[in-house]
Amino acid sequence: MTTTLDVSSLPLVPKNPLPFWQLVKLVRRLDTGQEVIRDAGGPLTRIQFAPKNVYPPIVAVMSPAGMRDVLGRSDASSDRCIIHDEVRAMAGDSLWVLPNELWRPRKRALQPVFTKHNVRDFGGHMSGAAQRFVDRWPDGGDVDLDVECRKVAMQSLGRSVLGIDLNERADTIAQCMHVASSYTADRALRPVRAPSWLPTSARRKAARAVAAMREITDDMVRACRADPTRDAPLVQALLTATDPETGQLLSDEDISNDLLIFMLAGHDTTATALTHTLWILGHHRDIQDRVAAEAAALGDRELTPADVPRLEYTVQVLHESLRLCPPAAGVARLATRDIAVDGYRVEKGSLLAVGLYALHHDPTLWPDPMVFDPDRFSPEKVKARDRWQFLPFLGGGRPCIGEHFARLETTLALATIVRAIEVQSVEPEFHCEVPLTTVAKGPIPARLRPRR
Ligand code: HEM
C-alpha cells in the first residue's frame with residue numbers, strides 16, 4: 032500500500048464531469064445514482080458542490096482497490112462523517128455513530144453478543160420466526176413479501192437479543208424509521224441546509240419519530256432493569272458496558288440510543304435481504320427448486336445452525352441477492368488526513384462515499400451484472416476473486432457487527448420458507464427506495480403455494 036509520504040505527489044482524484052444539478056440529485060439516489068456517477072467519472076471520482084469551507088468535496092469510491100485503501104487501513108485516516116453527525120444530533124450516541132476512539136470500548140462490550148459462535152444460540156428464534164411465516168399460509172395465498180419478511184426479521188431480532196417480539200410495535204417501528212432515516216440522510220447530503228436549531232416541520236416530524244421509537248427502547252431497558260435475568264442479551268450487555276472516559280456504566284438514555292440503532296440496522300437490512308431473495312427466486316423457479324431440494328434433504332424438522340454447512344447453495348443464492356440488492360447501498364467516511372486511494376490523492380476533510388451498489392454492479396467486475404446467477408458464488412469463483420469486490424457487510428476495521436447474525440438468520444429463514452412454500456412473484460421489477468438503508472418501495476406481491 033502507498034505510504035503517507037507518497038501522497039502529496041499523487042494527482043488529485045479527477046473531478047466528475049456531470050453538471051451540478053444532476054449531481055445534486057444523483058448523490059441523493061443512494062443506490063442507482065452511484066452507477067450514473069461512475070459511468071461519467073470512473074470508479075474514483077470527485078464531486079465539488081461548493082467551496083470546501085461550505086461543503087466538503089465528495090469522493091465517490093467504487094473500485095475494489097479503492098475499498099481496500101479506504102476500509103482496509105489501520106492508520107486512523109478516516110472517521111465518522113456528516114451523516115453520522117446528523118444521526119447523532121437526532122438520536123444520540125450509539126455504536127454506529129460514535130467516532131472511532133469512543134467506539135472501540137463500546138464495540139468491545141457488545142461484540143461478544145454477535146460472534147459467530149454466540150449467534151448460534153439464536154438459531155431457534157430465527158427458524159421459529161420463519162416457520163411462523165410458513166404456518167400463516169398453510170394453503171398458500173396472495174401475500175406482500177415485504178410485510179411477511181419484516182415480520183420474520185422483527186421477530187428474529189426482537190426475540191434473539193432485545194427480549195421482546197418487535198412485531199407487537201411493527202407499524203410504529205417501520206414508519207418511524209422511514210421518517211427519521213430519510214430526514215437525516217437527505218439533510219446530510221444537501222449542499223445547503225437549514226441550521227439545525229431551526230424547527231422546520233421535517234425536523235419536528237423526525238424528532239417525533241425518534242421519540243416514538245425511544246418509547247419502545249426505553250421499555251426494553253426498564254424491563255431488563257426490573258428483571259436482570261430477562262433473556263435479552265444485547266440489552267443486558269449494554270447494561271453492564273462502561274463509558275471509557277468516566278468508567279461509569281452507560282446512562283439509560285445512551286442504552287436506549289444504541290437499542291434504537293440496532294432496531295434500524297438489524298431489522299430493515301435482513302428484511303430487505305429476505306424479501307429481495309424470495310422475490311427473485313419467484314422469477315427463477317429452477318433455482319428456487321434447487322434451494323428447496325437442498326433444505327428438504329435435511330428432513331422436515333426445524334433447521335438449526337448445525338445445518339448451515341449443508342445449505343451451501345442456499346448461501347450462494349443469498350450472496351447473489353446481496354450483490355444485486357445490497358441493503359446498505361453505500362457508506363460514508365470523513366478523510367481525517369490526505370490519503371492515497373487507488374493511485375490518487377484524497378484531501379483531508381473530503382467526504383468518502385463508499386459505493387457498494389456500484390461496486391456490486393460494475394460490468395468490468397461482474398459480467399452481465401443485472402443477471403441473477405448464484406454460480407458466481409461457487410467456492411472456486413469466490414476463491415479467485417478480489418476480496419474487496421463483494422462487501423455487503425463492509426469489511427476492514429469497522430464492519431457490520433451483525434454480520435454473523437444476519438447470515439445465520441437469512442440462511443435458516445430462506446431454507447425454512449422455500450422448503451415448505453413455492454413462491455411465484457407477480458411484479459417484474461423489485462421497486463425499492465433508499466431513505467438510508469434499502470427498503471421495498473410499496474408492496475412486493477407474490478403468490479404462495481404449499482410444496483407437498
Ligand atoms: C443483510 C443484513 C445486513 C447488512 C447487509 C448490513 C450491512 C451493514 C453495513 C454495510 C454496515 C456499515 C455501516 C457504516 O459503516 O456506516 C453495518 C453496520 C452495522 N450493522 Fe449491519 N447489516 C446487516 C444486518 C445487521 C444486523 C442483523 C444487525 C444487528 C443485529 C446489524 C447491526 C449493525 C450495526 C450496529 C452497525 C454499526 C456497526 C459499527 O459502526 O460498529 N446489522 N451493517
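Each residue of the sequence shown is one higher than the last, beginning at 32 in the working numbering. Beta carbons: idealized from backbone N, C-alpha and C, even for Gly.
query = Can you round the beta-carbon distance between Ala-471 and Thr-306 to whole angstroms, since I take them to be within the 8 Å contact cut?
reply = Looking up residue 471 in the sequence shown gives position 440. Looking up residue 306 in the sequence shown gives position 275. With a Cβ gap of about 6 Å, Ala-471 and Thr-306 count as contacting.
inquiry  = I'd like the span of the beta strand (DSSP E) that includes Thr-76, first residue to last.
reply    = In the sequence shown, the residue the question calls residue 76 occupies position 45. Residues 75-78.
request  = Enumerate in chain order the residues of its own chain whose CB-to-CB distance from Met-251 is below 7 Å, with the five nearest sequence positions on each side excluded.
outcome  = Locating residue 251 in the sequence shown gives position 220, where the first residue counts as 1. These residues qualify, in order along the chain: Leu-193, Gly-194, Ile-195, Ala-263, Val-266 and Leu-290.
key: Gln-65 burial status per 10 Å Cβ neighbour count (16 or more: buried)   = Locating residue 65 in the sequence shown gives position 34, where the first residue counts as 1. By the Cβ neighbour-count rule, Gln-65 is buried, with 16 or more other Cβ atoms within 10 Å of its own.
query = Is Asp-274 near Thr-468, with beta carbons less than 8 Å apart?
reply = Position 243 of the sequence shown, counted from the first residue, corresponds to residue 274. Position 437 of the sequence shown, counted from the first residue, corresponds to residue 468. Their beta carbons are not under 8 Å apart, which means Asp-274 does not touch Thr-468 by this criterion.
ask   = Curious, which full-length alpha helix (DSSP H) runs of at least 4 residues does the region 384-432 contain?
value = The qualifying runs are 387-391 and 410-415.
inquiry  = Let's see if you can read the secondary structure: which residues bound the alpha helix (DSSP H) around Tyr-214?
reply    = Within the sequence shown, the letter at position 183 stands for residue 214. 201-219 is the span of the alpha helix (DSSP H), which, as asked, contains Tyr-214.
inquiry  = With a threshold of 6 Å on Cβ separation, who are the neighbours of Thr-35 within its own chain once the five nearest residues in sequence on each side are excluded?
reply    = The residue you call residue 35 lines up with position 4 of the sequence shown. For Thr-35, the pLDDT reaches just 48, beneath the cut-off of 50, and the residue's location in the model is therefore unreliable, leaving the point undetermined.
message = What does the alpha-carbon distance come out to for the pair Pro-474 and Val-178?
response = If you number the sequence shown from 1, residue 474 lands on position 443. If you number the sequence shown from 1, residue 178 lands on position 147. Those two C-alpha atoms are separated by around 8 Å.
ask   = Bridge partners of Ala-477, per DSSP?
value = In the sequence shown, the residue the question calls residue 477 occupies position 446. DSSP, once it has assigned bridges, lists Val-174 and Ser-456 as partnering Ala-477.
query = Sorry if obvious, but does the Cβ on Trp-52 come closer than 7 Å to a heavy atom of the ligand HEM?
reply = Locating residue 52 in the sequence shown gives position 21, counting from the first residue. Every heavy atom of the ligand HEM is 7 Å or more from the Cβ of Trp-52, so no.
key: Ala-446 beta carbon less than 8 Å from that of Leu-334   = As a first step, residue 334 is located in the sequence shown; it is residue number 303 there, counting from the start. As a first step, residue 446 is located in the sequence shown; it is residue number 415 there, counting from the start. Closer than 8 Å, so yes.
task = Have a look at Gln-186 and Gly-433 and give me their C-alpha separation to the nearest angstrom.
result = Within the sequence shown, the letter at position 155 stands for residue 186. Within the sequence shown, the letter at position 402 stands for residue 433. Roughly 15 Å separates the two Cα atoms.
query = Short check: CB of Gln-295 to CB of Ser-212, under 8 Å?
reply = To locate residue 295, count along the sequence shown from 1; it is residue 264. To locate residue 212, count along the sequence shown from 1; it is residue 181. Before going further, note that residue 295 is Leu rather than Gln in the sequence given. Taking 8 Å as the cut-off, the Cβ atoms of Leu-295 and Ser-212 count as close.
key: Chain-order list of residues whose beta-carbon lies under 7 Å from that of Phe-408 (same chain, five-residue window excluded)   = Your numbering for residue 408 matches position 377 in the sequence shown. Result list for Phe-408: Gln-347, His-350 and Glu-351, in chain order.
task = Would you kindly work out how many angstroms separate the C-alpha atoms of Arg-418 and Pro-405, rounded to a whole number?
result = Counting from 1 along the sequence shown, the entry for residue 418 is found at position 387. Counting from 1 along the sequence shown, the entry for residue 405 is found at position 374. Whole-angstrom Cα-Cα distance: 17 Å.
query = Just how far apart, CA to CA, sit Leu-383 and Lys-182?
reply = Counted from its first residue, the sequence shown places residue 383 at position 352. Counted from its first residue, the sequence shown places residue 182 at position 151. Looking at the two C-alpha atoms, the distance is approximately 34 Å.
ask   = Cβ-heavy atom distance between Ile-195 and the ligand HEM below 7 Å?
value = Counting from one through the sequence shown, the residue named residue 195 turns up at place 164. Not under cutoff, so the answer is no.
ask   = Just checking, does the region 84-95 make contact with the region 371-387 on the three C-beta pairs under 8 Å criterion?
value = Yes, the region 84-95 is in contact with the region 371-387.
message = If you reduce the DSSP assignment to three classes, tell me which class Ser-94 lands in.
response = For this step, residue 94 is matched to residue 63 along the sequence shown. In the structure shown, Ser-94 adopts coil according to DSSP, grouped into three states.
query = At a cut-off of 7 Å, is Trp-419 close to the ligand HEM when judged by its beta-carbon and the heavy atoms of the ligand?
reply = The count along the sequence shown starts at 1 and reaches residue 419 at position 388. Every heavy atom of the ligand HEM is 7 Å or more from the Cβ of Trp-419, so no.
query = Can at least three beta-carbon pairs, one atom from the region 319-338 and one from the region 200-211, be found at a separation below 8 Å?
reply = Fewer than three beta-carbon pairs drawn from the region 319-338 and the region 200-211 are found closer than 8 Å, and the two stretches are therefore not classed as touching.
ask   = On the premise that Leu-309 lies in contact with Val-454, defined as a C-beta separation below 8 Å, what is that separation, rounded to the nearest angstrom?
value = In the sequence shown, residue 454 corresponds to position 423, counting from 1. In the sequence shown, residue 309 corresponds to position 278, counting from 1. Rounded to the nearest angstrom, the Cβ distance from Val-454 to Leu-309 is 5 Å, consistent with a contact under 8 Å.
ask   = At what residues does the alpha helix (DSSP H) containing Arg-256 begin and finish?
value = Locating residue 256 in the sequence shown gives position 225, counting from the first residue. Looking at the DSSP string, the run of the alpha helix (DSSP H) that includes Arg-256 is 232-257.
message = My output table needs one value for Glu-333: the three-state DSSP class, helix, strand or coil.
response = As a first step, residue 333 is located in the sequence shown; it is residue number 302 there, counting from the start. Reduced to three states, the DSSP call for Glu-333 is coil.
task = May I ask you to list the residues that DSSP assigns as paired with Cys-180?
result = Position 149 of the sequence shown holds residue 180. The partner list for Cys-180 (beta bridge, DSSP) is empty, contrary to what the question assumes.
key: Thr-441, buried or exposed, once every other Cβ within 10 Å from all chains shown has been counted against 16   = For this step, residue 441 is matched to residue 410 along the sequence shown. So Thr-441 ends up on the buried side.
Pairwise C-alpha distance: Ala-233 and Met-244 = Within the sequence shown, the letter at position 213 stands for residue 244. Within the sequence shown, the letter at position 202 stands for residue 233. C-alpha separation (whole angstroms): 17 Å.
request  = Within the same chain, show all residues whose beta-carbon is closer than 7 Å to that of Ser-109, passing over the 5 residues directly before and after it, in chain order.
outcome  = Reading the sequence shown from its first residue, position 78 is the one you call residue 109. Once the five neighbours on either side are set aside, the close Cβ partners of Ser-109 are Val-101, Arg-364, Leu-365, Ala-366, Thr-367 and Leu-383.
task = Could you spell out where the beta strand (DSSP E) holding Val-372 opens and where it closes?
result = For the purposes of this step, residue 372 is taken as the residue at position 341 of the sequence shown. Per DSSP, Val-372 is one residue of the beta strand (DSSP E) stretching across 370-372.
request  = State the Cα-Cα distance for the pair Arg-482 and Thr-301, rounded to the nearest angstrom.
outcome  = Here residue 482 refers to the residue found at position 451 when the sequence shown is read from its first residue. Here residue 301 refers to the residue found at position 270 when the sequence shown is read from its first residue. Taking the straight line joining both Cα atoms gives about 24 Å.
ask   = Hey, would you say Pro-357 sits closer than 8 Å to Leu-387, going by beta carbons?
value = In the sequence shown, the residue the question calls residue 357 occupies position 326. In the sequence shown, the residue the question calls residue 387 occupies position 356. For Pro-357 and Leu-387, yes; Cβs fall inside 8 Å.
request  = Please confirm if the region 420-440 is in contact with the region 166-174, defined as three or more CB-CB distances below 8 Å between the two stretches.
outcome  = No: the two stretches stay apart, fewer than three of their Cβ pairs being nearer than 8 Å.
query = Do Glu-284 and Thr-215 have their CB atoms nearer than 8 Å?
reply = For the purposes of this step, residue 284 is taken as residue 253 along the sequence shown, with counting starting at 1. For the purposes of this step, residue 215 is taken as residue 184 along the sequence shown, with counting starting at 1. When the beta-carbon positions are compared, Glu-284 and Thr-215 stay at least 8 Å from each other.
Contact check, Asp-369 vs Val-38, beta carbons under 8 Å = As a position in the sequence shown, residue 369 is number 338, starting the count at 1. As a position in the sequence shown, residue 38 is number 7, starting the count at 1. Between Asp-369 and Val-38, the C-beta gap is smaller than 8 Å, which places the two residues in contact.
request  = Identify every residue that forms a DSSP beta bridge with Glu-464.
outcome  = Here residue 464 corresponds to residue number 433 of the sequence shown, with the count starting at 1. In the DSSP secondary-structure assignment, Glu-464 is bridged to Val-470.
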